[in-house]
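To start, the structure itself, in structure tokens.
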Amino acid sequence: MSATVKENIPAPVAKADNVLSLRSASGGLDTDLTAAAVRQCTQSLTDDKVIAVPTDTIYGLATRAQSSLAVKKLYDIKGRNFFKPIAICVASVLDVQKYGDVSELPPGLLEKLLPGPVTVILRRTTTLNPDLNPYTNVVGIRVPDNDFVLQLMKSCDSEFGPLALTSANMAGEESAVCVTDFEKLWPKISSVVDGGKVGVAKTGSTIVDLSVRGRYRIVRDGSALQETTQTLEAHALTQIDGAESKLNAARAYEVALLDIEGTTTPITFVHDVLFPYAKDNVERLSSIVLLSTCLPVVCDELHGDTAIGPRKPREMSDNATAYNPTCLGAGAHTPVFTGTNTQANVIMPVHKRTSTTYLKANWTTADCQDVVQQLRVLATTDAESGIEGAVTIPPTPTDTTDEKNAELSEAETSCIECVVKSVRWLMSADRKVGPLKLLQGRIWTDAYATGEIKGAVYDDVVPVLAEWKANGVDAYIYSSGSIAAQKLLFQYSEKGDILPYF
1 MSATVKENIP APVAKADNVL SLRSASGGLD TDLTAAAVRQ CTQSLTDDKV IAVPTDTIYG
61 LATRAQSSLA VKKLYDIKGR NFFKPIAICV ASVLDVQKYG DVSELPPGLL EKLLPGPVTV
121 ILRRTTTLNP DLNPYTNVVG IRVPDNDFVL QLMKSCDSEF GPLALTSANM AGEESAVCVT
181 DFEKLWPKIS SVVDGGKVGV AKTGSTIVDL SVRGRYRIVR DGSALQETTQ TLEAHALTQI
241 DGAESKLNAA RAYEVALLDI EGTTTPITFV HDVLFPYAKD NVERLSSIVL LSTCLPVVCD
301 ELHGDTAIGP RKPREMSDNA TAYNPTCLGA GAHTPVFTGT NTQANVIMPV HKRTSTTYLK
361 ANWTTADCQD VVQQLRVLAT TDAESGIEGA VTIPPTPTDT TDEKNAELSE AETSCIECVV
421 KSVRWLMSAD RKVGPLKLLQ GRIWTDAYAT GEIKGAVYDD VVPVLAEWKA NGVDAYIYSS
481 GSIAAQKLLF QYSEKGDILP YF
């Protein structure tokens, strides 16, 4: 596919020393100037520097994709979030297969799309630098229909691989169709190649995801949407669109790493209900801490935009079922695991059990005493460090339970009260510490087993997990807290035991 571009050559402007013009005084392309620019850019790339080049759509910033140092420089110059991927540029359609899996594409498809104003997303091969776009197993690949870029790629691809290519502008700013559009970046760039005005608009390439067999998904309309779509459908590919797109996007991934924290429940629920309730009702600890531990404050980036788009945080509602979603939130790695009927299934059973009850019932067991000892050591360390408000726990009394009457001694009861006060203070200080989580986990285990609490999940969770499993996508849960607690949540969920999906 070739872009039809009518060039509009602007009048010459004053240039910095690193700006390399490809045109003679008469305005035409100069072979000698082009060859010199190719040599200088090749040297810049060899030195792990960043250059600016014209393409068939807009100007781009480029560097060696196989050099981790060069890629970092590219991100720094552009001010781009490192979690956002960057495409690569290769010299020909034959080179695409070096870095992307083309085994399931219809014959002749790539030859129709490339060279041209199209970026194809494919599963990446192991040949590509693992430090480039390390958070996804797909990669966008371009073969621009631009003589200079193709000459440059043929000159250096065999020596050091593809180029990492992104638009020549600061992140969030408009794309550039002439070198003066990004003049403020010139001092940061080793070589700026002036090929005159390019493209017909500042829209960039059309981005199409071809990582799912027999399907395609338009990620960005770009400058060649209609022609691209016609070519794809002429090769019997069907489009993934709407909610189906979000569901099937998982097929482009081999592993889904899920972070429950912040996706289990809207963060407003944590701030406005769980944390205050837990602090005010520490003696009713056994169930409310299920979510207050799993949901510490989440960074702003969690709800930021992604290429697919995450589920946005919802406002608090008097009705807990309002959190039930209607569609999958975000692509392959962030479906939202949130409770339905949370008020009924989690908060109300809190009144049935208390930490005091647990401690009294299990005080003489080695398991309980192990937890208490860890809390005691923590409290002592806090107090000795001068942490204000720390509540120390005295040694376990030798005056132990009266086995005949099955009652705890006064000394033991007093010690338990100190444990509860210490736990209350830890929660008040919003401490995310192992001993506290360990105690909570002990209480949850009984509550789950008896059915007093159930793990709350959104209605779309099980279908998505089933879809992933059917497509060979392994799902994992990341937890900075208790792995056992995470397993309990899914083993005893409202939807039954869904632990086998992980």
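Note that the UniProt record's numbering gives residue 259 to position 259 of the sequence shown, counting from 1, and the numbers run on in steps of one.
Think of the CB as a built atom: it goes at the ideal place given N, C-alpha and C, for glycine as much as any other residue.
Boundaries (first-last residue) of the beta strand (DSSP E) holding residue i
i, result
"S191", "191 to 194"
"T166", "163 to 167"
"A87", "87 to 89"
"S428", "Looking at the DSSP string, S428 is not in any beta strand (DSSP E); the run it does join, the alpha helix (DSSP H), is 410 to 428."
"V19", "19 to 21"
CB contact flag (residue i, residue j, <8 Å)
i, j, result
"K73", "T57", "no"
"I121", "D209", "yes"
"V53", "F148", "yes"
"G199", "S167", "no"
"V192", "N81", "no"
"I88", "L33", "no"
"residue 514", "V38", "The structure shown does not extend to residue 514, since the chain is modelled only from 1 to 502, so the question has no answer here."
"P106", "H235", "yes"
"L426", "V433", "yes"
"P394", "C368", "no"
"L128", "Y99", "yes"
"L110", "A65", "no"
"W186", "A70", "no"
"L359", "P435", "no"
"P397", "E412", "yes"
"E410", "G455", "no"
"V371", "S422", "no"
"Y75", "A176", "no"
"residue 519", "D194", "Shown here, the chain extends from 1 to 502; a query on residue 519 therefore has no answer."
Span separating the alpha-carbon of residue i from that of residue j
i, j, result
"Q40", "S103", "36 Å"
"Q226", "R431", "55 Å"
"S190", "I141", "24 Å"
"A383", "Y135", "42 Å"
"T206", "Q486", "41 Å"
"T238", "G116", "21 Å"
"Y492", "T450", "10 Å"
"D95", "G108", "14 Å"
"K188", "L499", "51 Å"
"L439", "L378", "13 Å"
"T268", "G214", "For T268, the predicted model reports a pLDDT of 41, less than 50, meaning its position is unreliable; a value from the coordinates is still stated below. For T268 and G214, the distance between alpha carbons rounds to 41 Å."
"V138", "P130", "11 Å"
"L113", "T119", "9 Å"
"V179", "G79", "18 Å"
"L20", "T42", "13 Å"
"T229", "N146", "22 Å"
"Y216", "L465", "22 Å"
"C156", "Q97", "18 Å"
"V462", "D497", "10 Å"
"M170", "I387", "45 Å"
"Y35", "L29", "Here the sequence assigns Ala to residue 35, which means Tyr is not the residue at that position. If I take the Cα positions, the gap works out to 11 Å."
"K184", "I477", "44 Å"
"L232", "R442", "56 Å"
"R124", "A361", "56 Å"
"T445", "D474", "26 Å"
Identity of the residues DSSP links to residue i by a beta bridge
i, result
"Q239", "Y216"
"G455", "S493"
"P54", "Y59"
"V138", "R123"
"D209", "I121, R217"
"G199", "Bridge partners of G199: none, in fact."
"R64", "L163"
"G100", "R124"
When the options are compared against residue i, the one with the closest alpha-carbon
i, options, result
"S26", "G496, S67, G196", "G196"
"L163", "W363, A91, V462", "A91"
"T31", "Q151, T55, P106", "Q151"
"G172", "K84, P144, P435", "K84"
"K469", "I393, F502, E174", "F502"
"T55", "L128, M153, G100, E111", "M153"
"residue 549", "Y448, T203, T125", "Residue numbering for the chain in the displayed model covers 1 to 502; residue 549 lies beyond these limits and cannot be assessed."
"V212", "D101, G496, E183, G28", "D101"
"Q373", "G496, I416, T445, A484", "I416"
"T46", "R123, S68, E452, G28", "S68"
"I453", "S428, A201, L488", "L488"
Residue i - containing alpha helix (DSSP H), residue span
i, result
"V38", "31 to 46"
"L375", "366 to 384"
"E233", "225 to 234"
"P463", "461 to 470"
"L109", "109 to 113"
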